[in-house]
Amino acid sequence: MLVESLQILPSHLSHMPKRRSRRGLWSRFQGFFANGLKRFIRIAYRPTLDVALRWRYSTAAVGAAMLILTVGMVMGGWAQFHFFPSIEADFISAAVTMPQGTPATATSEAIARLERGAEELRAEMIATDGVDPFLHVYSSVGDQPMAAQGGSPFGAIFNMASANVGEITVELAPSNDRTTTSEALGNRWRDLTGPVPSATEVKFTATMMSPGDDVDVQLTGGDIEQLRAAADAVKARLTGYAGVFEISDSFRQGKREMKLGIKPAAETLGLTLQDLGRQVRQAFYGEEAQRIQRGRDDVRVMVRYPESERRSLGNLENMRIRTPDGGEVPFRQVAEVEQGRGFASIRRVDRQRAINVTAAVDATVTSSQAVIVDLESRILPEVLAEFPNVRFSFEGAQAEQQDAVGGLQQGFGLALLMIFGLLAIPLRSYLQPLIIMGAIPFGLVGAVWGHIVLGLDVTMMSMFGLVALTGVVVNDSLVMVDFINRKRKQYATLDEAVREAGAGRFRPIMLTSLTTFVGLGPLILEPSFQAQFMVPMAVSLAFGVVFATFITLILVPTSYLILDDLTRGTRRLLGLGDVTDEGEEQERRSAMAPHHAPAVAHMVEEV
């Protein structure tokens, strides 16, 4: 862009034909708008600027109040912040997880319950809207394909093919053909289905992509029983929040198992737990005796008890165990059996056992950020005071948000330092870059109000738009400040120079901002799925530019005069006297508005 504006564009302009004296239709059209803009500057902008400069401290106070009000609206929840934008999906799905060892028939009954809820939802929507919102319904037992694609971080563990999991997916009509959002349909489906008996977890999904669970608290410790008790306590407290649902934890019990132990009598006979386990395995599972070649396959020949003698616990207790000296003793004499359940999986973080408590949040009722803040400051310290060996941390969407925001803050801070340096060097001042960069926070005001007007949540993509907005705002402010510096050499007083600079730079600043806003308009209005990720960024940039334009045209000249007042006041306090003669005036101008390099002055003049 710099090469085009500095090298190619001047060459093109030098070959433009001379303006003809006769004015055509297009010339009259251009003249109409040019004269209208001049009239607006004379009638509206100049009087407004005069009032703002006369009451400059009140004007600055109003600008600060607007900034504080906007930040308060964000903190108060009027403009809710969500890390990832909620994208309208053309499907809704429900994944159910039953206890380990549940047969496929029981899982099918749970899926059938979900299907009945979906059919009730379909009938209700047809009766209400007269349109069938469903296109296709797909049920699966033994797998959770949708949950495995965008579900919890434990999807790779718990969403493997197993008889205890299932899922039903409903393909919806395109969003333009229905009046109800996919999220509203998913919430209604949940209400119509109700609780699923014996289900460990039931999750409804109605968004296209998700960075993780809205609330994800990771508990770590060395004692699994304490972890389970702490997880139950946290889940109980989460039920007290309005708008929090689908509360569950990552602990999964495994299948029923028999835990073997040896008695003291076995040790006197020379038996070990390893000997006992090996003989039980040989009896019930079998031992490979040989392999037989059958065509291209190897057939293993297993030696084990007959099927009639390995069906019950009584068969185990009646078997005989061989001792090292070749004798045999009853199983009951040397061993004991304890029935229990194992673990479906064992998760460790930094060599500590870990359980995650997760929950979903209804954004229309509250925000996940508000729930997490209350959990961290009040609930979790109270709950974990009973379990001193348990520690907590936040995972899921919250962890992703912290990482992303942390990286963005570091990069944005470095960018601000570089901008300050690039402005301070050609301006030869440490104060004027602050005037230019003072307009940056006010871009936040326009961006937040843009989200409120369009009914959008502030997301991480919105923050990226604010970072891009910084460069645009700085450009407009730089044009204004540089023009004021040069006008000071032409007018007797600073007030006159500021007023003339504002009027002279009104058109380029306004046109630059309006063209940026209009150029981003199609992206903001684009309804396609691919554009929804970029819409928050475009809204931040477009509305922030428009609002920052008025800040540049009003607050930047005001701030310039305030800085001059502060400079004069500082000189009086230090006993340097006021600026009166020509030499002192020149000295003050060198400090406030020094000469610029010819190239920089030429660039700004061309703008």
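In the numbering used here, the protein residues as written are 67 to 673. We put the CB at the ideal spot given by N, CA and C, even for glycine. All of these numbers come straight from a predicted model, not from anything done at the bench.
Runs of the beta strand (DSSP E) lying entirely within the region 257-318, each at least 3 residues long, are 267-273, 281-287, 310-315 in chain order. In the DSSP assignment, residue 357 is bridged to 366.
For residue 271, same chain residues with a beta-carbon under 6 Å away, outside a window of 5 residues either side, are 159 in chain order. If the five residues before and after residue 390 are omitted, its C-beta is found closer than 6 Å to the C-beta atoms of 336, all from its own chain and listed in chain order. Following the DSSP letters along the chain, one finds residue 387 inside the beta strand (DSSP E) bounded by residues 386-388. Non-local C-beta neighbours of residue 315 in its own chain, meaning closer than 6 Å and more than five positions away in sequence, comprise 297, 421, 423, ordered along the chain.
Spanning the alpha carbons of residue 376 and residue 396 requires a straight line of approximately 16 Å. Inclusion of residue 538 and residue 614 in the CB contact set at 9 Å is warranted, their separation being smaller than that value. Within the region 486-513, the complete alpha helix (DSSP H) segments at least 4 residues long are 498-503, listed from N- to C-terminus. Closest in C-alpha terms to residue 480, from the list 533, 163, 208, comes 533. Within the region 143-205, the complete beta strand (DSSP E) segments at least 3 residues long are 154-163, listed from N- to C-terminus.
The beta carbon of residue 540 is closer than 8 Å to those of 485, 489, 502, 503, 505, 506 in its chain, skipping five residues each way along the sequence. Listed in chain order, the non-local C-beta contacts of residue 399 below 7 Å within the same chain comprise 331, local neighbours out to five positions each way being set aside. Taking 9 Å as the cut-off, the Cβ atoms of residue 404 and residue 327 count as close.
Residue 508 and residue 313 have their C-alpha atoms some 40 Å from each other.
Spanning the alpha carbons of residue 321 and residue 229 requires a straight line of approximately 12 Å.
Burial state of residue 551 is buried, judged by a 10 Å Cβ sphere holding 16 or more other Cβ atoms. Note: residue 323 is bridge-paired with 406 in the DSSP secondary-structure output. Going by DSSP, residue 456 is part of no alpha helix (DSSP H) at all; its letter is neither H nor E.
Contact annotation: the region 453-469 does not touch the region 172-185, with fewer than three C-beta pairs closer than 8 Å. The beta carbon of residue 210 sits closer than 6 Å to the beta carbons of 161, 225, 231, 233 from its chain, once the five residues preceding and following it are set aside; these are given in chain order.
With contacts defined by Cβ atoms closer than 9 Å, residue 237 and residue 204 form a contacting pair. Per the coordinates, the alpha-carbon of residue 180 lies some 21 Å from the alpha-carbon of residue 428.
It is roughly 57 Å from the alpha-carbon of residue 543 to the alpha-carbon of residue 184. Separation of residue 164 and residue 135 (C-alpha to C-alpha, rounded to the nearest whole angstrom) is 49 Å. Between the beta-carbon of residue 621 and that of residue 125 there is about 7 Å, and that keeps the pair under the 8 Å contact cut. Around the beta carbon of residue 358, fewer than 16 other beta carbons lie within 10 angstroms, which makes this residue exposed. Sixteen is the threshold: when 16 or more other Cβ atoms of the shown chains lie within 10 Å of the Cβ of residue 564, as they do, the residue is buried. Taking a cut-off of 8 Å for Cβ pairs, the region 284-300 and the region 367-384 do not touch, as fewer than three such pairs fall below it.
With respect to residue 111, residue 560 sits apart: the two C-beta atoms are not nearer than 9 Å. Here the region 434-447 does not lie against the region 356-372, with fewer than 3 beta-carbon pairs under 8 Å apart. Following the DSSP letters along the chain, one finds residue 235 inside the beta strand (DSSP E) bounded by residues 231-238.
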